[in-house]
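Sequence lines, in order, name chains A and B.
Just add 66 to wherever you are in the first sequence, counting from 1, and you've got our numbering.
Just add 679 to wherever you are in the second sequence, counting from 1, and you've got our numbering.
Beta carbons: idealized from backbone N, C-alpha and C, even for Gly.
So the structure is just underneath, and the comments pick up after that.
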Amino acid sequence: MEPTKKHSFAPMWRLIKRRKYYFLGAFVATALNVLIGFITPAILAELIDHYLGDKPSRLPDFVNSLIDMLGGRAFAIENLWIFGAALIAINLIKGAFSYLKGRWCAVASEDTAESLRNRLYNHVQHLPYNYHVNAQTGDLLQRGTSDVETIRRFLNVQLMSVFNSVMMIGIALSLMLPVSGTITMLSMLPLPLMLIFSWRFFGTVIKAYRNTETAEGKMSTVLQENLTGMRVVRAFGQQQSEVENFNDANQKHHQTGIRMALLDATYWTSGDLFSAAQMLIIEIACILEAVAGGITVGDMVILITYSGMLMGPTRQLGRILSDAGKSMVALERIDEVLHEPAESLDEEGIEAPLDGDIEFDHVSFSYDENQEVLRDVNFTIKSGQTVALLGATGSGKSTLIHLLQRLYEPTGGEIRIGGMPVSRIPRKHLRQRIGLVLQEPFLYSKTIKDNVAIAVREPRQAAIDVAVRDASAWEFITTSEKGYETLVGERGVTLSGGQKQRIAIARILMKANDILVFDDSLSAVDTQTDAHIRQALKRRSKGVTTIIISHRVTTLSQADKIYVLEKGRITQCGTHDELLAQGGLYARINAIQNGQEVSA
Amino acid sequence: MQYQEEQEYTKTIKLKTWKNLLKYVKQFRGKFALVAGFMTTLAVSDVILPLMTRYGIDTFVVPRTAEGLTPFIMAYALLLIVQIAAIFFFIYFASRVEYGICYAIRREGFRKLQELPFSYYDRMPVGYLMSRMTSDARHLGEAFGWGLVDLVWAVVYLSATIVSMTIINWQLTLMILLVLPPLAAVSIYFQKRILASHRDVRKTNSRITGSFNEGIMGAKTTKTLVREEENFQEFSTITSHMKKISIRSASLSAIYLPLVISIGSIATAYLLTEGSHLVLAGAMSLGTVTAFFSYTVNLFEPIHNIAATFAEMQRMQAAAERVLSLLETEPDIQDTKAVENEFGDNFNPKKENWPGIRGEVDFENVTFKYKDGETVLKNFNLHVNVGETIALAGPTGAGKSTIVNLICRFYEPTEGMIKIDGVDYRERSQLWLQSNIGYVLQEPHLFSGPIRDNIRYARKGATDEEVRAAARLVNAEEFILRLENGYDTDVGEGGNRLSTGEKQLISFARAILNNPRIFVLDEATSSVDTETEALIQRAIEKTLEGRTSFIIAHRLSTIRSADRILVIQDGEVTESGTHDKLMQLGGFYHTLYTNQFKEEESRALLDTEA
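So, in structure tokens, the structure goes:
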């Protein structure tokens, strides 16, 4: 994020080109706005020198012949209101261009920001499962929000300001030079210094500003941890040490703030110092020149006003130059995400029925070459059976079922459903027909009802009620204050893990499934509810092939067949009694769980 | 967290709110005075500058003489130096005020947060409190620091300009000032609308952030539900709304300044015409017209500043009210003055006066009602002997957590009293009690930082050896030493770099470090892998040994190891006794046991109803 680092402007140029007409319009409006801004001092000078004084006119000939047609100087002096009217007219026209510039700039930049946000969001949605497993969510969020904002600001404000400043400086100089070469030169003197200074120093200011932000971030982390851990704080009577801890962070932020105050004051005052020096020089030079007869009062008005108009843009230019690099970096960061290969949901394939047997044929899988997650897995799940998977964390059981929905592709072997290789079935079809409940399901920031009905197009209330009852979620939903209309997620109420899991199950039950998969998704409900849900499943999903991952022997033992997965291999399979007879992981787990549960 | 910032706005500025806030900012009155002084200096010098130009034109340029130019230049330079100094100091001190107020509000707020009872936290979500302490505090700092700057400058500049103009030519001034009312009206109207539109944009921006975040966090679930298209539709609805209101907001700003300047130019045009007449008639000098011209052109600036400041104040009104409500809430659990005198407060304990503790606990006719009037416990009586383990069972919401919270004095009984070692615990300080209680939460909360510091959290003075001894006692050392940096491993924010089971083990070590006489355990329901489960079981056994313990149990082994099981239903003890006794009773516990814990029974249930 070094502001001085070189970055390519090409990607930014592509963004601009997409809305070239609006940008072009904005440029033209800016140019006209700047140009017209120079007229007012010229009119003043003309009034002072030619009409109030006796100096020759400085207006172009065609304007003067126009005035002559009306009655010349005498007419103008009789009708001085014309100058006033001209002033108002100029301001109105300038205002119109200024408005157009603002509006077109906004249209162009907001449109760009909208399309960037949409493209990013859509792309992120289509990035493969594994990307999201490893994604740094905070960083990704930053790219979709503050990086887009940086680019938007660049296009909306900075780009036009640079153009505005360059126009301003160029025109001011070319208008001042004919009036007085020496004074123009004098007024230019502080400009390069000013430019370099504001460019360099603004970099320092920005860095200090980031330090302040970091310090504030640390302070809010301390605060957040304190608030979320308030029970622990109180339980251990650590209020005093928490106060010290927070005061420390608060103090640090305050200190960076004080440093910031000094830097800010220095930065802005130095700019003013340059301006003041320039103003003083011009004022003295003008008076001396005027006394010597070199320039008129009108000239003086022009020189002083124009050189005053130079300072602001120069200062701004320096600031923007030192800040603009950020937007190139931001765009690079966004492009980086957009260039990640996404998976297609509109692929060709055969929308085969999925109610047949599921065969894992020598299936292997690894994320990278060093570590095999699944090794030569072979088994067949008969259509309509309920099977259970048991395995320690990292044994590969989640990966195994993710392969079914093609969230991952096997690195070796083949999975077939009803004899059809899943690699030939479109992902969309697979995911629509296989109901998969994740261990940590995500609920959207919607009402409970919308969450339950999220996977179907036209949900009927009766169907929702049944699904919710079958998922044993009926009671906690209906006894809560707002019932189905309770808002969950980011801005809504916090549900317990078990409540979330039950809503996630109801949501899957809403849609038509050929295969149901539960990835340890009953882990946070109690044993009794677990049993209720499984019982409801048995009733409503007769004939649906069901795969359940669980740690609970009570759950596992109900399955038609239990598979034990260890380090990526299936080491045991059979019914509850068979596995107990075999000994091994299942029997051990059973012993531990029943050890607690041997009757009194 | 940023997008949680909720935005409520009130319509009017209430002076009372600001007056109440004054007591938190009065320590800055010296700096306020300095800022006001520098702004006055700056504004006055801003008004003098055109007079200097006027003098320059009338004295040197028009009569074409350089006589007396040197003192003029000196005076001019001096004026500029004064201006620059004023600018430097006002920026410096206004920033100091900004950061200082922010700091002071946060310091007071944090201290208050450490004292507020749990009933407060029940009502206020963490995100809400975070916003009060971060963005609201920051905005108030800005409002006080820079609002003052803008206001003082504008008022002084406007008055000085009017005075200066009136002295020179009051008739002309009167005509020119006619433009002020429409200028003010337009400024106020637009400033309000512009601020409102900015608020809309910020709100929508928060929604975009929230929605984008949801898109990332929910991506995996979205895939399994094939909801990519629908999500995108929802997201693009917000972004297109954002585009619409952003353009509207930008257009509003784009039209405001030209409009104000155009209105102002009516006065300028009038001045130009009338001034020219006066110059031609010899009634006014060229320099004077020039000075008048500068004044007139700049008239809109103070008006704009004042309008902007009031619009900003209005925006800040809600923030000020929210911050005040935090700072002024009185904690309803407070030690009495007498207790504080004897045992010290939460921040300055007098540990030398603290009595020892054995761990006998009595509930005497305890009734507890929530703020909203809901009664949780009614006339509850319980005697617990030193070293006894009490397991609490019963349906959710029956009052188990309330009992635990009452023991910890997170809440106090509405009626009746709780005695520790025979003395009402309100006669001791909160800190005394809490220092003698070990507490393990259902969802263990760790603080970012090394494991060592997390265990030491119970007693900051504990030695490394004591920390290790605590970890060993609950069998946590083995996994700790397996981590890359051992005891120095950073657990991450909220302990998120550790698994749930590991966090639980550390929270046990933390709870026993101080060798508390009373122990409270709200057992976790979330499942951990079987091996860790066994470790935790042993940790619980070790922890309970020899302490008066209260457990909200979810594990059979834990509940069975209790000396006494209390079944709580609707705030009353309905069954009490050992496991065996309650099983014989055939009541709630029996049902609970058969449903929740007993394997064979649940299988039978499935078979019969399938």
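Identify every residue that forms a DSSP beta bridge with residue i.
i, result
"T1054/B", "K1048/B"
"I770/B", "In DSSP, I770/B forms no bridge with anything."
"M486/A", "I483/A"
"Q1248/B", "E1251/B"
"C639/A", "Y629/A"
"A1070/B", "I1230/B and I1244/B"
"F1198/B", "G1117/B and S1228/B"
"G1256/B", "I1244/B"
"P1327/B", "Past the boundaries of the shown model lies residue 1327/B; chain B is included only from 680 to 1289, so the question cannot be answered."
"L455/A", "I615/A and Y629/A"
"I424/A", "I447/A and I483/A"
"D585/A", "I615/A"
"D1041/B", "H1062/B and K1098/B"
State the Cα-Cα distance for the pair residue i and residue j, rounded to the nearest angstrom.
i, j, result
"A111/A", "I102/A", "15 Å"
"V1146/B", "P1129/B", "12 Å"
"M803/B", "L792/B", "11 Å"
"F911/B", "A343/A", "56 Å"
"M67/A", "K392/A", "Its pLDDT being 39, under 50, M67/A is placed unreliably in this model, and the value from its coordinates should be taken loosely. Each residue's alpha carbon lies about 6 Å from the other."
"S1080/B", "V299/A", "18 Å"
"M285/A", "F789/B", "11 Å"
"D330/A", "Y771/B", "7 Å"
"M296/A", "Q471/A", "42 Å"
"T900/B", "T593/A", "25 Å"
"A301/A", "S538/A", "35 Å"
"S919/B", "D177/A", "9 Å"
"V1246/B", "V1252/B", "6 Å"
"M963/B", "I873/B", "41 Å"
"L1285/B", "Q305/A", "With a pLDDT of only 31 at L1285/B, under the threshold of 50, the placement of this residue in the model should not be trusted; the figure read from the coordinates follows. Between L1285/B and Q305/A, the C-alpha separation is close to 51 Å."
"A1289/B", "V619/A", "Per-residue confidence for A1289/B stands at a pLDDT of 29, beneath the threshold of 50, marking its modelled position as unreliable; no derived number is given."
"W825/B", "I760/B", "23 Å"
"L113/A", "L125/A", "11 Å"
"G384/A", "P258/A", "10 Å"
"V664/A", "R1239/B", "Residue confidence for V664/A is low, a pLDDT of 36 falling below 50, so the modelled location carries little weight and cannot support an answer."
Completely contained alpha helix (DSSP H) runs for the segment 252 to 320 of chain A, where each covers 4 or more residues
256 to 294 and 296 to 301
With 7 Å as the C-beta to C-beta threshold (strictly closer), list the residues of the segment 427 to 453 of chain A near chain B in chain order.
none
Answer yes if the segment 197 to 209 of chain A comes into contact with the segment 360 to 373 of chain A, meaning at least three C-beta pairs across the two stretches below 8 Å, and no otherwise.
no
Anything in the segment 398 to 410 of chain A with a Cβ closer than 8 Å to a Cβ of chain B? List those residues in chain order, please.
none
If we count Cβ pairs, one from each stretch, closer than 8 Å, do we get three or more for the segment 216 to 228 of chain A versus the segment 340 to 354 of chain A?
no
With three or more beta-carbon pairs closer than 8 Å as the criterion, would you say the segment 879 to 899 of chain B touches the segment 1009 to 1022 of chain B?
no
Contacting positions in the segment 300 to 321 of chain A - beta carbon closer than 8 Å to chain B:
R300, A301, F302, G303, Q304, Q305, Q306, S307, E308, V309, F312, N313, N316, Q317, H319 and H320
Positions along the segment 207 to 221 of chain A whose CB lies within less than 7 Å of some CB in chain B:
L207, G210 and T211
What residues in the segment 875 to 906 of chain B have a beta carbon less than 9 Å from any beta carbon of chain A?
N884, I887, T888, G889, S890, F891, N892, E893, G894, I895, M896, G897, A898, K899, T900, T901, K902, T903, L904, V905 and R906
May I ask you to list, following chain order, the residues of the segment 348 to 360 of chain A that have a beta carbon less than 9 Å from some beta carbon of chain B?
E349, I350, C352, I353, L354, A356, V357, A358 and G359
At a CB distance below 9 Å, what residues from the segment 172 to 202 of chain A approach chain B? Give them in sequence order.
A172, V173, S175, E176, D177, A179, E180, S181, R183, N184, L186, Y187, N188, V190, Q191, H192, L193, P194, Y195, Y197, H198, V199 and A201
Should the segment 498 to 509 of chain A be called in touch with the segment 567 to 576 of chain A, which here means at least 3 C-beta pairs below 8 Å?
yes
Kindly confirm or deny that the segment 1050 to 1070 of chain B and the segment 1101 to 1116 of chain B touch, where touching means at least three C-beta pairs closer than 8 Å.
no
So, does the segment 975 to 992 of chain B touch the segment 260 to 276 of chain A, judging by three or more C-beta pairs under 8 Å?
no
Please specify which runs of the alpha helix (DSSP H), each continuous and at least 4 residues long, are wholly inside the segment 1151 to 1176 of chain B, giving them in chain order.
1156 to 1161
Please list the residues of the segment 706 to 720 of chain B that have a C-beta atom closer than 9 Å to any C-beta atom in chain A, keeping them in chain order.
none
Ranges of the beta strand (DSSP E) found wholly within the segment 1077 to 1113 of chain B, counting only runs of at least 3
1094 to 1099
Taking only runs of the alpha helix (DSSP H) that begin and end inside the segment 851 to 914 of chain B, which ones reach a length of at least 4 residues, in chain order?
859 to 896 and 898 to 904
Taking any Cβ of chain B, which residues in the segment 279 to 293 of chain A have a Cβ under 8 Å from it, in chain order?
E282, M285, S286, T287, L289, Q290, E291, N292 and L293
Whether or not the segment 450 to 464 of chain A and the segment 609 to 626 of chain A are in contact is what I'm after, with contact meaning three or more pairs of Cβ atoms, one per stretch, closer than 8 Å; do they touch?
yes
By the 7 Å beta-carbon criterion, what residues does the segment 506 to 517 of chain A contribute toward chain B?
P507, F508, Y510 and S511
Suppose only complete runs of 4+ residues qualify. What are the alpha helix (DSSP H) ranges in the segment 907 to 964 of chain B, listed by chain order?
907 to 959
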